[in-house]
Ligand SMILES: *[C@@H]1O[C@H](CO)[C@@H](O)[C@H](O)[C@H]1NC(C)=O
Ligand SMILES: *[C@@H]1O[C@H](CO)[C@@H](O)[C@H](O)[C@H]1NC(C)=O
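Residue numbers (the numbering used here): 28 to 447.
Below, the structure written as structure tokens:
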């Protein structure tokens with residue numbers, strides 16, 4: 028559906044990065060889910076385990092917190108002390124498309140739309156009227172109203188581009204960046220700005236959701252994240268009906284904005300949207316839409332985007348070497364280097380890690396007996412994402428002690444459960 032609409036204005040390649048309503052992942056052998064037994068835990072860690080156990084035993088807190096939390100703490104300790112592969116870290120830190128994207132951003136800031144391939148997206152954007160209250164988007168780039176948007180667009184884009192860098196500590200800022208504005212909007216008063224949601228559900232769009240009735244379990248979470256505007260009507264007993272935020276890529280807002288103005292709210296106008304920018308030019312949609320949104324329209328912090336990108340690339344590189352036996356330098360050509368991108372689902376899970384005390388993941392994964400999406404008849408996924416790599420990342424989150432690359436040690440990853 029997205030594809031054909033993009034082909035009309037010839038911008039299909041440009042938006043390719045953003046087309047990703049597929050939050051399910053390729054199949055992996057089920058035996059991989061039962062990891063703990065297979066790991067080789069070095070003698071040192073066995074000793075550590077024992078020490079932690081004894082320490083906790085003697086500290087009386089065991090009476091309060093029980094065996095489970097001892098196990099959790101032990102896992103965290105192991106997670107912090109196992110080494111990651113330095114070669115993979117080095118390669119994952121290289122952003123293949125960085126220089127090109129820097130140039131494109133500069134051209135946008137200079138108002139030079141014609142010199143880049145993406146100008147078509149921009150020009151096509153004007154053909155659509157934005158029903159923005161009683162305001163419509165001006166049809167000419169030279170009109171005074173456009174000029175106002177243009178000034179905002181430049182400012183926002185400039186700030187975003189300036190902030191865009193690797194900063195592993197960003198995980199510790201997500202509560203302030205996302206939860207605090209949402210609490211303000213929802214008029215929730217908390218005793219501390221660092222307080223997180225007690226439990227979060229990230230709901231992917233895989234057809235496996237149709238095999239179970241997870242609806243009420245999902246709704247029982249304090250915070251429910253849904254992805255790329257997947258429908259819930261008529262699927263309530265499968266996917267629940269509560270939506271705390273709608274997590275989307277900017278192409279979704281762009282498409283909504285072109286078709287129906289800024290109304291991009293299948294869950295209701297009061298549900299906040301958190302969006303990551305997959306093309307800088309989409310800041311124009313953001314600028315126009317932000318004004319008329321009742322609920323917050325938040326853009327993910329570019330430092331958070333960079334972190335997500337590196338993590339997925341690390342897993343993708345690792346999988347590439349393990350499965351093909353080829354050198355790391357060949358990864359780029361196998362994965363369309365510059366276009367390679369994490370999925371919305373992956374970033375939504377990362378967001379949940381940052382703002383929640385406990386994370387449950389639903390509707391990620393695929394099964395031969397399940398539809399691709401629970402809500403569409405789409406047959407296959409596109410190949411800009413390495414879902415298998417993302418799946419390996421989720422398994423490491425779930426097992427609780429495999430170290431996760433690039434995330435600062437100062438950030439404690441909460442317990443993650445995956446529902447199949
Ligand atoms: C790190 O990963 C690379 C590529 O997978 C591999 O060739 C290398 O042996 C690994 N190094 C260590 C120390 O495990
Ligand atoms: C978006 O809108 C909100 C609410 O009107 C406002 O506080 C915020 O500053 C706007 N963001 C930008 C970048 O203009």
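The beta carbon of each residue, even a glycine, is placed where N, CA and C say it ideally should be.
- DSSP places residue 252 within a strand segment (E or B) once states are collapsed to three.
- Of 438, 445, 446, 442, the smallest CA-CA separation from residue 200 is found for 438.
- Between ligand 2 and the CB of residue 183, the shortest heavy atom gap is smaller than 7 Å.
- Between the C-alpha atoms of residue 427 and residue 102 there is a straight-line separation of about 6 Å.
- Judged by DSSP secondary structure, residue 335 falls outside any beta strand (DSSP E) and instead within the alpha helix (DSSP H) spanning 329–351.
- Following the DSSP letters along the chain, one finds residue 324 inside the beta strand (DSSP E) bounded by residues 324–326.
- Of the heavy atoms belonging to ligand 1, none sits nearer than 7 Å to the Cβ of residue 117.
- Around the C-beta of residue 192, fewer than 16 other C-beta atoms lie within 10 Å, and the residue is accordingly described as exposed.
- A distance below 8 Å separates the beta carbons of residue 116 and residue 432.
- Put simply, of 296, 268, 306 the residue whose alpha carbon is nearest the alpha carbon of residue 282 is 306.
- Setting aside the 5 residues that flank it on each side, residue 335 is surrounded in the same chain by 369, 373, 374, 377, each with a C-beta closer than 7 Å to its C-beta; the list follows chain order.
- With a beta-carbon spacing of about 7 Å, residue 226 and residue 384 fall inside the 8 Å limit used to define contacts.
- Annotated as proximal: residue 332 and residue 303, with beta-carbon spacing under 8 Å.
- Residues 293, 402 of the same chain have their beta carbon placed closer than 8 Å to that of residue 258, with the five preceding and five following residues left out of the count.
- In the DSSP annotation of this structure, the continuous segment of the alpha helix (DSSP H) that includes residue 283 starts and ends at 277–287.
- For the pair of segments examined, the region 205–214 was found not to touch the region 353–371: the number of CB pairs separated by less than 8 Å stays below three.
- Of the residues 446, 352, 243, 324, the one whose Cα lies closest to the Cα of residue 290 is 324.
- Around the Cβ of residue 189, a 10 Å sphere holds fewer than 16 other Cβ atoms; the residue is exposed.
- DSSP, reduced to helix, strand and coil, places residue 382 within a helical segment of the structure shown.
- With 16 or more other Cβ atoms inside 10 Å of its own Cβ, residue 326 counts as buried.
- Counting along the chain, the unbroken alpha helix (DSSP H) around residue 414 starts and ends at 414–426.
- In this structure the region 128–137 does not touch the region 338–348; the number of beta carbon pairs closer than 8 Å is below three.
- Sequence-distant Cβ neighbours of residue 404 in its own chain, meaning closer than 8 Å and more than five residues away, are 398.
- In the three-state DSSP reduction, residue 274 falls in the strand class (E or B).
- Annotated as proximal: residue 230 and residue 390, with beta-carbon spacing under 8 Å.
- In the structure shown, residue 298 falls within a coil segment according to DSSP collapsed to helix, strand and coil.
- Taking 7 Å as the cut-off, the C-beta of residue 179 counts as close to a heavy atom of ligand 2.
- In the three-state DSSP reduction, residue 174 falls in the helix class (H, G or I).
- According to the DSSP secondary-structure assignment, residue 303 is paired through a beta bridge with 276.
- For residue 270, the distance from the CB to the nearest heavy atom of ligand 1 is not below 7 Å.
- Taken through DSSP and simplified to helix, strand or coil, residue 123 comes out as coil.
- In this structure, residue 355 sits away from residue 309, with a CB-CB distance that is not shorter than 8 Å.
- In the three-state reduction of the DSSP assignment, residue 257 falls in the coil class.
- Under the DSSP assignment, residue 316 falls in the alpha helix (DSSP H) whose first and last residues are 310–319.
- Following the DSSP letters along the chain, one finds residue 228 inside the beta strand (DSSP E) bounded by residues 227–230.
- Judged by the Cβ position, residue 213 fails to qualify as a neighbour of ligand 2 at the 7 Å threshold, every heavy atom of the ligand being at least this far.
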